[in-house]
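There are 6 protein chains.
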Amino acid sequence: MTDFNQPISGNDLARFSGPNTFMRLPQATSLDGLDVAILGVPMDIGTSWRSGTRFGPKQIRAESAMIRPYNMTSGAAPFDSLNIGDIGDLAINTFSLSDSLRIIQESYSAILSSGVTPVAMGGDHSITLPILRAIAEKYGPVALVHVDAHADVNDDMFGERETHGTVFRRAYEEGLIVADKTYQIGLRGTGYGADDFKEAQRWGFQHFPASELWNRSLHGMGAEIRRDIGNRPVYVSYDIDSLDPAYAPGTGTPEIGGLTTPQALELIRALRGLNIVGCDMVEVSPPYDTSGNTALTAANLLYELLCVLPGVTTK
Amino acid sequence: MTDFNQPISGNDLARFSGPNTFMRLPQATSLDGLDVAILGVPMDIGTSWRSGTRFGPKQIRAESAMIRPYNMTSGAAPFDSLNIGDIGDLAINTFSLSDSLRIIQESYSAILSSGVTPVAMGGDHSITLPILRAIAEKYGPVALVHVDAHADVNDDMFGERETHGTVFRRAYEEGLIVADKTYQIGLRGTGYGADDFKEAQRWGFQHFPASELWNRSLHGMGAEIRRDIGNRPVYVSYDIDSLDPAYAPGTGTPEIGGLTTPQALELIRALRGLNIVGCDMVEVSPPYDTSGNTALTAANLLYELLCVLPGVTTK
Amino acid sequence: MTDFNQPISGNDLARFSGPNTFMRLPQATSLDGLDVAILGVPMDIGTSWRSGTRFGPKQIRAESAMIRPYNMTSGAAPFDSLNIGDIGDLAINTFSLSDSLRIIQESYSAILSSGVTPVAMGGDHSITLPILRAIAEKYGPVALVHVDAHADVNDDMFGERETHGTVFRRAYEEGLIVADKTYQIGLRGTGYGADDFKEAQRWGFQHFPASELWNRSLHGMGAEIRRDIGNRPVYVSYDIDSLDPAYAPGTGTPEIGGLTTPQALELIRALRGLNIVGCDMVEVSPPYDTSGNTALTAANLLYELLCVLPGVTTK
Amino acid sequence: MTDFNQPISGNDLARFSGPNTFMRLPQATSLDGLDVAILGVPMDIGTSWRSGTRFGPKQIRAESAMIRPYNMTSGAAPFDSLNIGDIGDLAINTFSLSDSLRIIQESYSAILSSGVTPVAMGGDHSITLPILRAIAEKYGPVALVHVDAHADVNDDMFGERETHGTVFRRAYEEGLIVADKTYQIGLRGTGYGADDFKEAQRWGFQHFPASELWNRSLHGMGAEIRRDIGNRPVYVSYDIDSLDPAYAPGTGTPEIGGLTTPQALELIRALRGLNIVGCDMVEVSPPYDTSGNTALTAANLLYELLCVLPGVTTK
Amino acid sequence: MTDFNQPISGNDLARFSGPNTFMRLPQATSLDGLDVAILGVPMDIGTSWRSGTRFGPKQIRAESAMIRPYNMTSGAAPFDSLNIGDIGDLAINTFSLSDSLRIIQESYSAILSSGVTPVAMGGDHSITLPILRAIAEKYGPVALVHVDAHADVNDDMFGERETHGTVFRRAYEEGLIVADKTYQIGLRGTGYGADDFKEAQRWGFQHFPASELWNRSLHGMGAEIRRDIGNRPVYVSYDIDSLDPAYAPGTGTPEIGGLTTPQALELIRALRGLNIVGCDMVEVSPPYDTSGNTALTAANLLYELLCVLPGVTTK
Amino acid sequence: MTDFNQPISGNDLARFSGPNTFMRLPQATSLDGLDVAILGVPMDIGTSWRSGTRFGPKQIRAESAMIRPYNMTSGAAPFDSLNIGDIGDLAINTFSLSDSLRIIQESYSAILSSGVTPVAMGGDHSITLPILRAIAEKYGPVALVHVDAHADVNDDMFGERETHGTVFRRAYEEGLIVADKTYQIGLRGTGYGADDFKEAQRWGFQHFPASELWNRSLHGMGAEIRRDIGNRPVYVSYDIDSLDPAYAPGTGTPEIGGLTTPQALELIRALRGLNIVGCDMVEVSPPYDTSGNTALTAANLLYELLCVLPGVTTK
Ligand SMILES: [Mn+2]
Ligand SMILES: [Mn+2]
Ligand SMILES: [Mn+2]
Ligand SMILES: [Mn+2]
Ligand SMILES: [Mn+2]
Ligand SMILES: [Mn+2]
Ligand SMILES: [Mn+2]
Ligand SMILES: [Mn+2]
Ligand SMILES: [Mn+2]
Ligand SMILES: [Mn+2]
Ligand SMILES: [Mn+2]
Ligand SMILES: [Mn+2]
């Protein structure tokens with residue numbers, strides 16, 4: 016256990032010091048020996064309103080220096096249980112969305128082939144399509160827990176079929192996900208057609224609109240989803256705009272009436288026990304929250320996701 | 016139905032493009048054929064603490080480009096039901112509050128005489144007094160749904176009787192509103208006298224202090240108000256500072272312990288069925304929220320108000 | 016009663032005018048005749064992550080100009096009941112944490128010896144240790160209501176035993192507080208050991224983790240604490256980071272999943288009747304919230320604390 | 016000499032502490048014994064584009080805490096030479112520009128009648144008209160050094176004849192200033208008519224457009240103006256927008272291609288020896304420069320103006 | 016002359032009101048009758064460091080409301096001389112750089128074929144390549160005045176040959192510009208090879224590094240360039256990052272040691288008399304200057320470019 | 016030569032990606048083989064006004080990703096000439112200034128004993144005293160080029176003798192520097208005594224006040240200093256507040272009327288040929304410039320310092 020990577024302690028090196036890795040973990044130079052690889056996918060060319068998510072990984076890492084290794088609520092001790100490293104950023108092509116998606120898919124195939132669980136920091140949500148392609152290549156269609164203000168099931172945008180708004184229609188069409196084990200949580204806002212959401216429901220997607228979750232604990236809903244998924248491999252895609260803009264102002268397409276951070280914590284903690292094979296945290300846009308607090312929130316939620324990965328023990 | 020004005024779709028023209036009208040509706044050059052006129056009243060000289068609301072209409076319009084035409088929660092389709100246009104800004108006199116109030120009243124009389132429902136983007140709350148004068152001239156005393164941290168029933172401020180803090184005392188004194196059909200929702204904070212609020216209650220105003228609404232759905236309260244008003248003509252005046260500063264930091268006189276955006280959505284949606292003859296959204300101060308999110312919130316709430324106007328159908 | 020200091024009214028002098036004292040009270044030049052002394056302790060050299068709290072007192076005072084003298088919810092009339100003055104800032108040594116702590120303790124001893132109740136605006140939380148030393152010197156061990164995201168019970172940080180993260184372990188060790196009348200409210204986040212919190216619980220500290228308070232009114236919990244304390248002298252130490260970063264973004268070590276301002280108001284109002292012998296509001300860091308709203312929140316909570324001081328009557 | 020008011024030293028009390036008076040001078044409670052009265056005129060209702068100058072005095076005072084008493088360049092020692100106090104803010108009527116102008120004039124008449132030299136912190140530039148009325152009442156028409164991007168000689172704006180853009184036409188018409196001893200320095204930008212500036216030149220105003228000053232020391236020009244004015248009483252009105260927006264971003268109507276702070280310092284220092292009977296620093300708008308640096312610049316220029324007041328000795 | 020479009024006067028409608036068109040000109044709905052078409056090309060997917068330029072046109076238009084029609088320095092009266100309209104934004108494809116470049120070229124071909132002079136607001140600099148393609152299609156190779164911190168002559172970036180850093184190599188290779196009538200002004204910073212700039216010089220490009228321009232008027236250099244170009248058609252491409260970050264902080268790839276706004280004004284004014292067939296202002300990134308001043312600067316420089324278009328008379 | 020560390024190219028990995036090291040150099044894990052060690056000293060507890068410099072190293076590194084390896088003006092190729100690595104941050108004690116100074120001195124002694132040239136990113140200016148102690152221990156008294164708005168020669172502040180304002184008096188007293196080879200460049204502002212600066216001049220310090228440098232190239236002055244120093248070992252201490260706040264707003268004690276970035280570049284480039292044995296860049300305070308441009312400026316000036324280190328060749 017002592018061989019596992021450990022975050023630098025804030026009592027050993029002042030938090031504002033040290034490497035800009037996630038939680039100041041060692042910068043991994045290879046995948047060897049890792050159980051979990053945290054990586055950045057710095058990109059914003061797939062977004063339709065405000066940009067800036069290209070700086071997401073850098074700021075999430077900076078703010079993650081606040082986080083200590085033990086989860087005082089759940090008792091989870093991820094760094095005692097798994098060998099977790101920050102493997103840096105993917106070398107996307109910032110001038111071409113399609114080429115970047117290709118690079119992401121290839122990079123993920125390589126990571127997955129070495130048996131490491133990938134945990135991505137976006138970047139806009141368009142990164143999740145190539146990730147799911149690589150995931151499905153390994154695992155077949157997976158269950159999907161998708162937390163987002165938006166269903167991201169447009170058919171196309173300006174004729175483009177691969178953007179941050181079309182991810183999950185493509186994933187459905189390509190058979191990357193199990194439709195009736197797909198949970199979209201936090202949906203709200205306005206649409207282009209009165210039945211924007213209904214088609215996805217017909218595919219089998221299970222919708223949990225934000226308005227049905229207001230003022231409620233998400234513990235029960237999370238537990239229900241966990242039971243429904245069972246032992247299937249599951250991917251968790253977390254769009255920070257699922258949170259209300261009060262909690263996460265620094266994002267590209269904010270929608271009012273969203274989830275709270277207590278709800279986010281309840282939801283993730285309820286996922287403990289799932290066979291999570293990968294996850295991501297997307298759409299943090301630093302220029303729109305110079306306090307860093309949106310990135311801090313994303314860092315904490317990523318940490319909570321680490322705490323529910325398979326194999327993490329509690330103390 | 017196809018003749019009605021439609022917002023430009025974000026799939027036709029990138030959201031950060033196009034005219035800076037509300038939801039990128041066509042800029043209306045006359046009132047002819049309109050059912051609803053959205054207009055700006057850019058003013059901040061009636062405010063007592065932070066200024067900046069003069070830029071409210073411009074930023075609300077900018078942020079409204081995020082909104083799509085269909086309400087996914089209620090099914091409302093306002094642009095299929097009514098012909099709605101953005102008629103631009105009133106030409107107020109930024110050096111004289113009293114002259115500006117005169118201009119607003121005259122402009123409203125003209126709008127109302129043509130049978131168009133006016134929907135205003137403030138500007139500070141002082142704009143609502145001349146609006147109510149014109150409204151009452153047409154409809155007689157109206158019911159009033161007033162959502163605000165403040166009752167705005169001061170007698171005077173520095174000897175001035177027409178400011179953003181005196182609106183509803185004047186409206187009461189002048190018989191512009193039906194006192195016992197006046198609902199003040201979200202009140203809180205501190206006062207200059209221990210019974211600041213009690214006098215208004217004696218007039219008949221119905222008070223819904225924020226502290227009695229915490230952690231509650233406003234659906235029921237909204238429904239009760241709707242029943243209580245019945246078929247009377249009703250005006251809705253929405254001060255963005257009714258929201259907690261966490262949800263709406265960009266305002267001039269923020270008060271802690273306020274409403275949430277879910278509550279705001281529940282309240283407005285519950286007003287469906289009322290005979291709304293006009294409404295406003297006031298006190299958005301862009302310099303105090305450079306992220307634009309307060310204006311985005313105001314834009315969404317204005318959209319929700321459009322969704323409950325008489326004649327709007329659902330799908 | 017008319018001899019007591021009164022805040023300048025916003026109807027007499029525009030709120031953005033006048034002295035930068037708390038609520039625009041008279042600047043007190045001596046302690047004579049005061050019941051309560053509000054003072055600043057502008058310091059940030061005891062903080063471990065973001066600095067900036069040295070400007071806390073200045074900005075809290077600036078934003079307090081929004082507050083009017085009467086509490087419309089509880090009816091409290093603090094300025095009719097007590098003579099309250101702003102006595103300015105302590106002359107800390109900004110280059111030495113240890114020397115500053117010595118200065119604070121000596122200053123507090125002087126204030127307490129004259130029978131005045133001190134109400135401090137921080138500054139980082141390290142100010143509370145010397146305050147408690149002076150308090151205990153006068154009153155013996157006191158009960159403690161400590162509202163904070165953090166327990167602040169580290170043994171040391173970089174070998175230092177007096178920082179913003181070690182305050183309450185020192186207070187316990189030095190017998191400044193009654194361990195089983197110490198209430199830590201709002202705790203959450205991550206820790207350096209799985210039982211970071213358990214040791215303090217073994218001392219007797221009563222913990223109220225934020226996760227157990229989500230979506231709950233704090234009225235009942237506050238009442239219970241009040242009964243449990245009884246007539247003992249009690250000190251209230253209020254770390255603004257107890258609030259969720261959505262409500263208080265301008266602080267040095269924000270933790271997600273925190274309290275709301277309604278909960279803060281409920282909690283403080285429930286403390287009415289306690290024998291409060293001093294209180295503080297710490298960790299407001301202005302550079303991280305240029306809107307001023309975090310300071311506004313702190314100012315309002317300080318005002319609410321004034322409203323529950325012994326001797327304050329209601330109207 | 017030791018009886019004169021002295022700023023609190025940054026070595027005695029940390030700069031971020033103490034009263035929010037100009038340079039932390041004592042708050043004067045009367046004019047007795049003062050040679051110079053520094054005062055705030057917090058107002059923005061006379062401005063035509065961005066507002067926010069109502070917070071100018073508060074932020075200029077806050078930033079002035081950086082300034083030490085001796086001028087290392089010129090050797091001036093204003094606080095050894097004159098008794099200077101901060102007398103607080105005028106109680107303007109924030110809802111009425113015309114009433115505020117009346118209040119300013121009356122307040123100035125009172126100050127001037129007691130033989131004290133007034134030094135004002137604005138507020139928008141409309142404050143200078145009532146100031147000049149009071150000045151001229153005492154001294155007759157005065158020479159005027161007016162540093163500004165704008166000539167402020169409009170006839171009216173929206174029909175209003177007393178705004179921040181009409182000040183010096185009114186001053187000319189009313190005979191408050193000596194036309195051919197009026198120096199307008201830093202003019203630039205665009206106009207409503209091709210000869211906007213020419214009419215004022217025909218009255219005798221001497222224009223120093225910014226474009227003729229670029230890359231030049233203003234020492235010579237300042238000396239020339241000083242000689243031209245001779246012993247006449249002179250008023251100095253300093254609009255911070257005379258500076259380039261790079262040097263003073265926080266202002267309401269910025270114009271590119273402006274003066275630099277070295278030029279501002281050269282200019283003011285060259286005015287030494289003039290019979291200055293009053294001066295102002297206007298148009299600092301805090302919301303548009305949250306770093307505080309525009310206010311810091313204004314505070315320093317005000318300090319430099321103090322250094323060239325009649326009677327100030329050098330060391 | 017009175018038939019030409021005129022900006023709305025700030026004395027008729029408060030500047031913070033009215034349409035968000037350039038200088039509040041009428042929104043043109045067709046090219047008919049226009050001499051000059053101002054248009055937005057809102058895009059940031061061609062940029063390599065900070066994004067955000069997609070909001071450039073919107074903010075440049077907002078800030079342009081400060082500008083009045085007459086140039087007080089040069090006497091130019093563009094709106095008396097030419098019929099100028101704002102034709103809105105091009106409908107780029109925000110998910111595909113290559114497709115967007117195609118759309119820009121086609122749109123420009125249409126504009127040029129109707130005889131209108133196009134004036135573009137970017138958007139990142141990659142927009143200039145398709146513009147030059149359309150320009151050259153009509154006029155053959157043109158002279159080029161290119162003001163920029165960067166030469167933008169990379170061969171490729173991540174294998175992409177059409178980005179904001181490769182524009183002028185492509186333009187040279189494709190014969191869109193006359194190499195020895197290409198003037199690159201303001202170059203500075205660091206490079207990937209010691210002779211990054213030399214190859215372009217060998218093609219004939221004339222380089223004016225910023226370091227040779229420091230502290231100098233650009234009047235003479237501008238005049239020399241004007242004489243050197245003679246009557247040839249010339250395109251002016253203005254990258255706001257040519258200015259020092261002190262003058263234009265809100266841009267994507269700032270380089271220190273740049274030009275000043277006085278130099279920018281001198282340069283543009285010296286171009287009067289050239290046969291300008293189009294121009295652009297690119298790389299304004301609003302999220303990085305929330306004061307709006309970078310956009311204000313861009314708006315003013317665009318106005319100055321209008322003032323030197325062929326056919327503009329002076330008064 | 017190919018064995019030397021090279022920055023990651025912006026054409027290989029998008030600039031917003033990769034490690035947060037200076038210029039994305041490899042993170043050095045030992046001093047072996049290095050000629051130059053870049054290191055962070057993240058600290059702000061020695062500062063007297065605004066804090067925040069503890070985040071200086073992190074933001075300087077982030078912004079340095081913009082810089083490419085070759086100096087296009089001077090032709091310098093530092094990474095072809097020297098092996099340069101980023102060795103991370105010193106583990107200062109953020110709760111104790113005196114302990115931190117001890118740690119810095121010891122760390123420097125270790126670095127110097129291994130023959131590596133240290134290049135520090137501050138932190139506040141108090142870091143330079145222990146650095147000079149270590150430097151003098153190795154080299155004896157050194158010449159000093161000190162660029163700063165302030166002379167930093169106070170005797171004490173609040174009784175403390177080691178702060179950011181006392182550095183160079185201590186260095187003089189302790190014989191760490193050669194007094195008449197000490198050059199203080201950019202001095203300005205106000206002082207606590209009329210002869211604050213004169214005492215240092217009597218020691219031999221050579222003063223170059225900013226006011227004597229306005230509008231001048233610093234090339235000549237730099238060359239003169241270079242000749243005057245000759246072959247002596249020299250330390251360069253660069254306080255970012257030497258720049259005017261227009262150029263470097265993000266600093267703790269800004270003073271108007273400062274240097275420009277062109278002057279900074281001229282000065283540093285003129286130092287080529289000196290026997291520089293170490294240098295630092297201090298006082299960058301990220302919270303006061305969220306655009307990152309002050310840090311970008313600091314990063315560029317650090318790069319220029321690398322370019323004039325002994326042994327750097329040009330191409
Ligand atoms: Mn999404
Ligand atoms: Mn989303
Ligand atoms: Mn209101
Ligand atoms: Mn209100
Ligand atoms: Mn604490
Ligand atoms: Mn805390
Ligand atoms: Mn002016
Ligand atoms: Mn002006
Ligand atoms: Mn360019
Ligand atoms: Mn460029
Ligand atoms: Mn220094
Ligand atoms: Mn300095």
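Chains as they are written, first to last, in my numbering: chain L, 16 to 330; chain X, 16 to 330; chain Z, 16 to 330; chain A, 16 to 330; chain F, 16 to 330; chain G, 16 to 330.
Think of the CB as a built atom: it goes at the ideal place given N, C-alpha and C, for glycine as much as any other residue.
Cβ of residue i within 7 Å of any chain A Cβ
| i | result |
| --- | --- |
| residue 260 (chain X) | no |
Contacts of residue i in chain F (Cβ-Cβ under 8 Å)
| i | result |
| --- | --- |
| residue 61 (chain L) | 110 |
Under 7 Å by beta carbon: chain X residues contacting residue i
| i | result |
| --- | --- |
| residue 209 (chain L) | 85, 90, 92, 330 |
Residue-level contact to chain G via CB, residue i, 7 Å cutoff
| i | result |
| --- | --- |
| residue 229 (chain F) | yes |
| residue 75 (chain A) | no |
CB contact check: residue i to chain F, cutoff 7 Å
| i | result |
| --- | --- |
| residue 65 (chain X) | no |
Partners in chain Z for residue i, counting only beta-carbon separations shorter than 8 Å
| i | result |
| --- | --- |
| residue 304 (chain X) | 306 |
Interface partners of residue i on chain F, CB under 7 Å
| i | result |
| --- | --- |
| residue 107 (chain X) | 29 |
| residue 25 (chain G) | 63 |
Distance cut-off 6 Å: residue i Cβ against heavy atoms of ligand 12
| i | result |
| --- | --- |
| residue 149 (chain Z) | no |
Best match in the options for proximity to residue i [C-alpha to C-alpha]
| i | options | result |
| --- | --- | --- |
| residue 164 (chain L) | L:263, L:25, L:316, L:240 | L:263 |
| residue 51 (chain A) | A:252, A:97, A:245, A:89 | A:97 |
Per DSSP, the bridge partner or partners of residue i
| i | result |
| --- | --- |
| residue 322 (chain L) | Looking at the DSSP assignment, residue 322 (chain L) forms no beta bridge with any residue, so it has no partner. |
Any non-hydrogen atom of ligand 5 within 6 Å of residue i CB
| i | result |
| --- | --- |
| residue 254 (chain X) | no |
Proximal chain A residues relative to residue i, where beta-carbon distance stays under 8 Å
| i | result |
| --- | --- |
| residue 232 (chain F) | 229, 230 |
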